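Each remark here refers to the structure printed beneath this line.
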Amino acid sequence: MSNEIVEASQPKQSFSLAPKDFEQALKFSEMMSKSNLVPKEFVGNAGNIMVAVQWGMELGLQPMQAMQNIAVINGRPSLWGDSVMALARSSSLCEYIIEEDDGKVATCRAKRKGQDAEIVATFSMEDATKAGLAGKQGPWTQYPKRMRQMRARAFCLRDAFPDVLRGMPIAEELQDIETGEVKPQPQTSARPVIEKSIYSDEEFIEKSEKWAQIVESGRKTPDELIIFIESKNAVLTDEQKAIIQTWAKAE
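This is the structure in structure tokens:
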């Protein structure tokens, strides 16, 4: 009987996947990219995982939470609307957040502790029509109430808690932004056009430790390093550039 009590009172064994340094972060990203239990946009994409984990650390999220709540859309890390609500409500700065919808207009109200005025944001179907979203194929046709809610929430919580969200955009918003097609400019020079290759994830990871040291030592800023790398007849993806930008924040 006593043995059963002792066994039941023992704490559950657990371990942390949080990387402690840059090398561990690289290995973690590679390992997770080969798993089928991560969101599909991260499968085979170690670069995106690296960005998500770094931003998760900035927001106080564990690596697995970061991969579930952060998405890289159009080359930008962003937070899903439900995770924005969770981060804001769990903050000690939040007094309350109230959401309403009358069938046409979604309203979000938020108040910070210590401030008299509340922040109020609305998003209506009229706003959606002006933005070219109403009737758009996809969630705006299938779930208009939910999409109104996400827009009002994004406007309100970004204004009320910019420090908590670290200026992160909302994923549902970025998904609605059309990526314009870049039209090639006419060639004005007789010089032959050299087609640049794109760094593969494997090639980037292989060289990233050396590049990170250059930024962390202060020899180059992230922007200067990107220009230097791309001057060597190869270009970086948006996700790889985002990773380089995080090195300036690494301690």
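So that you can map any letter, position 201 of the sequence shown is 201 in UniProt numbering, and since no number is skipped, the others follow by simple counting.
Where a beta carbon is used, it is the ideal one built from N, C-alpha and C, also for glycine.
Computed from a predicted model, the values in this text were never measured in an experiment.
*asked:* For a test of the three-state rule: what should DSSP assign to E118, helix, strand or coil?
replied: Along the sequence shown, one-based indexing puts residue 118 at 118. It is coil, neither helix nor strand.
*asked:* For S124 and K113, I'd like the C-alpha separation in whole angstroms.
replied: As a working mapping, residue 124 is identified with position 124 in the sequence shown. As a working mapping, residue 113 is identified with position 113 in the sequence shown. If I take the Cα positions, the gap works out to 28 Å.
*asked:* So for T141, helix, strand or coil by DSSP?
replied: Counting from one through the sequence shown, the residue named residue 141 turns up at place 141. Three-state DSSP puts T141 in a helix.
_Going by C-alpha to C-alpha distance, which of F204, P19, K20 sits closest to V235?_
To locate residue 235, count along the sequence shown from 1; it is residue 235. Taking only the C-alpha atoms, the option nearest V235 is F204.
*Kindly indicate which three-state DSSP category P19 falls into: helix, strand or coil?*
Residue 19 sits at position 19 when you count from the first residue of the sequence shown. The answer is coil: DSSP assigns P19 none of H, G, I, E or B.
*asked:* Given this structure, state the Cα-to-Cα distance separating I170 from I70, to the nearest angstrom.
replied: The sequence position of residue 170 within the sequence shown is 170, counting from 1. The sequence position of residue 70 within the sequence shown is 70, counting from 1. Rounded to whole angstroms, I170 to I70 spans 9 Å at the Cα level.
*Report, in whole angstroms, the separation of the C-beta atoms of L17 and S78, which I expect to be a contact under 8 Å.*
Counting from one through the sequence shown, the residue named residue 17 turns up at place 17. Counting from one through the sequence shown, the residue named residue 78 turns up at place 78. Contact annotation, L17 with S78: C-beta distance approximately 22 Å; criterion of less than 8 Å not satisfied.
*DSSP on F28, reduced to helix/strand/coil?*
If you number the sequence shown from 1, residue 28 lands on position 28. The answer is helix: DSSP assigns F28 an H, G or I state.
*asked:* Quick check: the Cα distance between I243 and V105, rounded to an integer number of angstroms?
replied: Mapped onto the sequence shown, residue 243 falls at position 243. Mapped onto the sequence shown, residue 105 falls at position 105. I243 and V105: Cα-Cα distance of roughly 38 Å.
*Grouping DSSP H, G and I as helix and E and B as strand, with all else coil, what is D102?*
Sequence index remark: in the sequence shown, residue 102 carries index 102 (1-based). Three-state result, D102: coil.
*If you draw a straight line from the alpha carbon of P139 to that of I97, how long is it in whole angstroms?*
The residue labelled residue 139 in the question sits at position 139 within the sequence shown. The residue labelled residue 97 in the question sits at position 97 within the sequence shown. Rounded to the nearest whole angstrom, the C-alpha separation of P139 and I97 is 24 Å.
*Close beta carbons around V164, own chain, < 7 Å, minus the five adjacent residues each side*: Within the sequence shown, the letter at position 164 stands for residue 164. Around V164: L87, A88, S91, L93.
_What does the alpha-carbon distance come out to for the pair P162 and T246?_
Mapped onto the sequence shown, residue 162 falls at position 162. Mapped onto the sequence shown, residue 246 falls at position 246. C-alpha separation (whole angstroms): 19 Å.
*What number of angstroms, rounded off, separates the C-alpha of Q240 from the C-alpha of F155?*
Indexing the sequence shown from 1 puts residue 240 at position 240. Indexing the sequence shown from 1 puts residue 155 at position 155. Distance from the CA of Q240 to the CA of F155, rounded to the nearest whole angstrom, comes to 29 Å.
*For R158, which three-state DSSP category applies?*
Residue mapping note: residue 158 aligns to position 158 of the sequence shown, counting from 1. The answer is helix: DSSP assigns R158 an H, G or I state.
*asked:* By the DSSP assignment, the alpha helix (DSSP H) with residue 272 in it spans what residues?
replied: Residue numbering for the chain in the displayed model covers 1 to 251; residue 272 lies beyond these limits and cannot be assessed.
_On the DSSP bridge list, what partners appear for P77?_
Reading the sequence shown from its first residue, position 77 is the one you call residue 77. Its beta-bridge partners are V72.
*Start and end of the alpha helix (DSSP H) containing E126?*
Position 126 of the sequence shown holds residue 126. Residues 125-130.
*Nearest to M147 by alpha carbon, out of G60, V53, M50, D101?*
Counted from its first residue, the sequence shown places residue 147 at position 147. Nearest option by C-alpha distance: D101.
*Start and end residues, alpha helix (DSSP H) containing N48*: The sequence position of residue 48 within the sequence shown is 48, counting from 1. First-last of the alpha helix (DSSP H) with N48: 46-59.
*Roughly how many whole angstroms lie between the Cα atoms of A134 and E58?*
Taking the sequence shown and counting its residues from 1, one reaches residue 134 at position 134. Taking the sequence shown and counting its residues from 1, one reaches residue 58 at position 58. Answer to the nearest angstrom: the Cα atoms are 35 Å apart.
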